[in-house]
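For reference, the structure is listed below as structure tokens.
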Amino acid sequence: MSGVLLVGTTLLVRVAGYAIRVSIRSISPSGPGADKQSVRSSVESAIADDAVHRLVVRPLPDDQPDAYFALAVAALMVLDRLDVEVAYVSAEPTQATRALRLPHGDNAVRLAETGTATPTPLIRDDAATVLVGRARHVGAGGAPLHGETIVDDQRLFLGEAAGVEIEPTGELPGLRARLTADGPLDVLVGGLRPRRRWRTGRAAQSGGTNLVVEREGVLTDRIVKRSTFYRHHVDLLLVRPHRS
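Here it is in structure tokens:
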């Protein structure tokens, strides 16, 4: 089990024209391969002091950084501590930085230290994991997915497809989904071949006979009957750039 480095500091952050003192803790894996339990333990230790206002997540650059970020946010959710602000400091651009429109590198460090948090839709699934970058519903063993996907009340496909990709949008209603680019699509929807375009909604659910789930680039081999990603009832307080 990988250990985690904890760093604490107190900074002045300007909110609505006023400078407020913010207690910050930072977590970062000490080596590759941090797992769910070790990340949860590190988050729990980092926020044990009630004065901690912000958690900065700093993954290793070449070790599935979005997966580490998702584990940290999921830990806050399970611990019922979504009152803690979260900043993401990734050394390089990732799917999560693109989806949530976050900076990387030195700009991410500056934002974590001086930025303000914005309530942001938190996307999770029915296995209590969090989606920050991208998930895919695909067929086991590289086969086409046999089943259907629905985004809110819109059917994305019914029958056979290469797969479905799902992303958070960082804004309401919360997520978007579309068919993956590769592979066949043999069954029509409403008499027409579905176009590969994004559908937005609060939830995306797939069901099938050979469904497996990929989260943040990590594929789970276990076949499931259904998988749903949906907006959690509590938003994530994410430190983000201000949008004009």
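Numbering-wise (full-length UniProt numbering), the sequence shown opens with residue 1 and increments by one.
Quick reminder that beta carbons are idealized off the backbone N, C-alpha and C, glycines included.
Keep in mind it's a predicted model, so treat the numbers as computed, not measured.
Mark residue i as exposed unless 16 or more other C-beta atoms lie within 10 angstroms of its C-beta, in which case mark it buried.
i, result
"Gly142", "exposed"
"Glu85", "buried"
"Gln37", "exposed"
"Pro168", "buried"
"Asp186", "Residue placement at Asp186 cannot be trusted, given a pLDDT of 49 that sits under 50; what the coordinates show is reported in the next sentence. Classification for Asp186: exposed."
"His53", "buried"
"Val218", "exposed"
"Ala45", "The displayed chain sequence assigns Ser, not Ala, to residue 45. Exposed is the call here."
"Gly170", "buried"
"Pro65", "buried"
"Leu55", "buried"
"Ala34", "buried"
"Arg58", "buried"
"Pro32", "exposed"
"Thr220", "exposed"
Among the options, which residue has its Cα nearest to the Cα of residue i?
i, options, result
"Thr239", "Glu92, Thr97 and Leu79", "This sequence places Val at residue 239; Thr is not what is there. It is Thr97 whose Cα lies nearest to the Cα of Val239."
"Asp235", "Arg110, Leu172, Pro61 and Asp66", "Leu172"
"Ser30", "Ala70, Glu113, Arg40 and Leu60", "Leu60"
"Ala136", "Leu179, Gly201 and Tyr68", "In the sequence as presented, Ala is not what sits at residue 136; that position holds Arg. Minimum Cα distance to Arg136 is reached at Leu179."
"Ile150", "Val43, Gly208, Ser23 and Ser26", "Gly208"
"Glu214", "Val130, Asp152 and Arg202", "Val130"
"Glu160", "Gly139, Arg243, Ala74 and Ala204", "Gly139"
"Gln205", "Tyr230, Ala74 and Pro121", "Tyr230"
"Pro121", "Leu100, Arg134, Ala181 and Gly115", "Leu100"
So residue i and residue j are in contact, right, with Cβ under 8 Å, and what is the actual spacing, rounded?
i, j, result
"Leu175", "Ile166", "6 Å"
"Val39", "Ala72", "6 Å"
"Ala128", "Ala74", "7 Å"
Only counting the same chain, and skipping five residues up and downstream in sequence, which positions put a Cβ closer than 7 Å to that of residue i?
i, result
"Thr118", "Leu238 and Arg240"
"Ala91", "Pro61, His104 and Gly105"
"Arg199", "Val151, Gln154, Leu156, Arg176, Ala177 and Arg178"
"residue 248", "The structure shown does not extend to residue 248, since the chain is modelled only from 1 through 244, so no value can be given for it."
Counting only the same chain and skipping the five closest in sequence on each side, list residues whose C-beta sits under 6 Å from that of residue i.
i, result
"Val224", "Leu211"
"Ala70", "Val130, Val132 and Glu216"
Return no unless some Cβ of chain B is closer than 8 Å to the Cβ of residue i.
i, result
"Gly142", "Although the question refers to chain B, the structure presented lacks it and comprises just one protein chain."
Using DSSP's beta-bridge definition, name the partner residues of residue i.
i, result
"Ala135", "Ile166 and Arg215"
"Thr118", "Leu238"
"Thr149", "Phe157 and Ser206"
"Ile223", "In DSSP, Ile223 forms no bridge with anything."
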